[in-house]
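J.: Dropping a structure here in structure tokens format, bear with me for questions.
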């Protein structure tokens, strides 16, 4: 599955799943723009990809800022070329109950990034995706399907991402744009705070996951490369769990 000559953009690409996806797309031949609110980390990630022989360029971006997304879309088209692969990966989670102090602020910020981000990026890059008959890959979650305590905002946001994916697949199908989502299970990333990585949590995850382990970021990247490639040219509106059979159990 090759992506030679294609231009991709990955949000939240400085670390974890986003970085692994950017690396996977670059290894498949795409020229990848890595965006992150932490620009210095995006620079380091892009340098690592370039050092391995890939094409990568870093950009600072807060996906909740619609004007910034519009400006970046114009800049990329001008400086690199039209984007044909958009990966909406940037996301946050603030564990807690909805009756906790500060829950409203956490709710608003979670939805602004996890749902507003894909909305802003899809709007900003739609003209380029239409021109290239491109592909959008959103990052949903197992929480799009099943809930858990202390994660109402996150679950609500990922449920919205799942439905946004389906809605845009229908809305943009006539433009030749494919829109799909990956729903990761428990992946070893920095998104989960260190103080929550307890032995009890690990045991609970493994007990519920038939493959009896957590996933790695690079195991999400393979699915992203597939969805971006011509091998998936008739796949649209799909939500693909990559979860070690968590949802099947």
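Numbering (the working numbering), first residue to last: 20 to 268.
No residue lacks a Cβ here, since even glycine has one placed at the ideal position from N, Cα and C.
If you're wondering where the values come from, they're calculated on a predicted model, not measured in any experiment.
#1: Do you know offhand how far residue 47's Cα is from residue 200's?
#2: Going along the chain, which residues of its own chain have a beta-carbon closer than 8 Å to the beta-carbon of residue 264, five neighbours each way excluded?
#3: Can you tell me where the beta strand (DSSP E) with residue 233 in it begins and where it stops?
#4: Going by DSSP in three states, residue 55 sits in which element: helix, strand or coil?
#5: Indicate the three-state DSSP secondary structure (helix, strand or coil) for residue 105 in the structure shown.
#6: Taking residue 110 as part of the beta strand (DSSP E), name the residues at either end of that continuous run.
#7: Going along the chain, which residues of its own chain have a beta-carbon closer than 8 Å to the beta-carbon of residue 61, five neighbours each way excluded?
#8: In whole angstroms, what is the alpha-carbon distance linking residue 153 and residue 249?
#9: Unbroken beta strand (DSSP E) runs of length 3 or more, entirely within the stretch 155-210: which are they?
#10: Answer with buried or exposed for residue 177, where buried requires no fewer than 16 other C-beta atoms within 10 angstroms of its C-beta.
#11: Measuring CA to CA, which of 218, 168, 149 is closest to residue 192?
T.: Based on what the coordinates show:
#1: 19 Å
#2: In chain order, 228, 229, 230 place their CB closer than 8 Å to the CB of residue 264, counting only its own chain and leaving out the 5 sequence neighbours on each side.
#3: From DSSP, residue 233 is part of no beta strand (DSSP E); its letter is neither H nor E.
#4: strand
#5: strand
#6: It is not in any beta strand (DSSP E) - residue 110 carries neither H nor E in the DSSP assignment.
#7: The residues are 32, 33, 53, 54, 55, 77, 78, 79.
#8: 10 Å
#9: 197-203
#10: buried
#11: 149
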